[in-house]
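**Student:** Dumping the structure here so I can ask a few things about it.
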Amino acid sequence: MQRRLIAATFVAALMAVNGATIAGCGTDGNGGSSPAPTGTTKTEEQKTDQGESPQGGREEPGADERKDLISFKLDDRSQAGFTDIWVTWTIKNSSSEKSNYTWAWEAIDSSGKRIANSTEYVTDVQPGQTTTGEMPTVIKEANVKLNITDFDRTKAY
242 MQRRLIAATF VAALMAVNGA TIAGCGTDGN GGSSPAPTGT TKTEEQKTDQ
292 GESPQGGREE PGADERKDLI SFKLDDRSQA GFTDIWVTWT IKNSSSEKSN
342 YTWAWEAIDS SGKRIANSTE YVTDVQPGQT TTGEMPTVIK EANVKLNITD
392 FDRTKAY
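Each residue of the sequence shown is one higher than the one before, counting from 242 in my numbering.
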């Protein structure tokens with residue numbers, strides 16, 4: 242009986258510490274999040290003038306590379322009473338080198354509560370190449386706001 246009491250006390254203390262750690266990981270409402278792309282992209286002329294590079298020497302990563310995410314949205318494939326909502330994306334490598342992409346996202350419902358989040362990966366995208374992808378989600382309704390919370394393009398070898 243005493244072992245169970247000690248184990249329960251240990252578990253409760255561990256949960257309290259982890260709860261404080263997790264609570265500190267939340268966002269302040271803005272949290273550095275940016276909304277999903279609206280579909281507006283730079284013209285080809287603007288892209289070439291900026292001399293974008295996916296790796297090394299960048300002062301502020303993410304500013305130009307974020308525009309490589311052409312589309313990121315929910316696709317509601319629900320039918321016959323079964324919820325089936327996917328995220329879909331389109332990436333276009335506007336750099337001059339083969340690149341890998343990683344981005345984190347979150348889905349926020351109308352009350353401001355985060356209902357889902359994940360990280361997506363796309364690898365070995367050639368310069369000028371466009372690629373698409375999709376992933377199933379746990380989201381139960383398509384009427385949510387998508388935010389990109391982190392986006393990174395790196396050189397692929």
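We put the beta carbon where it would ideally sit given N, CA and C, even for glycine.
1. Look up residue 308 in the DSSP assignment and say whether it is helix, strand or coil.
2. Let me make sure I understand the geometry here. Which of 338, 393, 344 has the alpha-carbon closest to that of residue 329?
3. Let me know if residue 375 comes out buried or exposed under the rule of 16 or more other beta-carbons within 10 Å of its beta-carbon.
4. Considering only C-alpha positions, which residue in the set 340, 358, 370 is nearest to residue 380?
5. Do you know offhand how far residue 373's Cα is from residue 342's?
6. Enumerate in chain order the residues of its own chain whose CB-to-CB distance from residue 324 is below 6 Å, with the five nearest sequence positions on each side excluded.
7. Across the segment 346–358 and the segment 304–312, are there enough close Cβ pairs to call them in contact, namely three or more that are closer than 8 Å?
8. Quick check: residue 397 and residue 365, are their CB atoms within less than 8 Å of each other?
9. Using a threshold of 8 Å, state whether the C-beta atoms of residue 390 and residue 340 are closer than that.
10. Between 363, 356, 319, which lies nearest to residue 332 when the distance is taken from Cα to Cα?
11. Does residue 393 come out as helix, strand or coil in the three-state DSSP assignment?
12. Give me the DSSP bridge partner(s) of residue 374.
13. Rounding to the nearest angstrom, what Cα-Cα distance links residue 326 and residue 377 in this structure?
**Tutor:** Well, looking at it:
1. On the sequence shown, residue 308 is found 67 positions in, with the first residue counted as 1. Helix.
2. In the sequence shown, the residue the question calls residue 329 occupies position 88. Nearest C-alpha to residue 329: 344.
3. Walking along the sequence shown from the start, residue 375 turns up at place 134. Flag for residue 375 reads exposed.
4. Reading the sequence shown from its first residue, position 139 is the one you call residue 380. Here the closest residue by C-alpha is 358.
5. Here residue 373 refers to the residue found at position 132 when the sequence shown is read from its first residue. Here residue 342 refers to the residue found at position 101 when the sequence shown is read from its first residue. Approximately 12 Å, taken between the alpha carbons.
6. Mapped onto the sequence shown, residue 324 falls at position 83. These residues qualify, in order along the chain: 381.
7. no
8. Stepping through the sequence shown from its first residue, residue 397 is reached at position 156. Stepping through the sequence shown from its first residue, residue 365 is reached at position 124. It is a contact, given that the beta carbons lie within the stated cut-off.
9. Translated into positions along the sequence shown, residue 390 becomes position 149. Translated into positions along the sequence shown, residue 340 becomes position 99. Taking 8 Å as the Cβ cut-off, residue 390 and residue 340 do not qualify as a contacting pair.
10. By one-based count along the sequence shown, residue 332 stands at place 91. Measuring from the Cα of residue 332, the nearest candidate turns out to be 363.
11. Here residue 393 refers to the residue found at position 152 of the sequence shown. Of the three classes helix, strand and coil, the one that applies to residue 393 here is strand, per DSSP.
12. For this step, residue 374 is matched to residue 133 along the sequence shown. According to DSSP, residue 374 bridges with 330.
13. Reading the sequence shown from its first residue, position 85 is the one you call residue 326. Reading the sequence shown from its first residue, position 136 is the one you call residue 377. Distance between the alpha carbons of residue 326 and residue 377: 6 Å.
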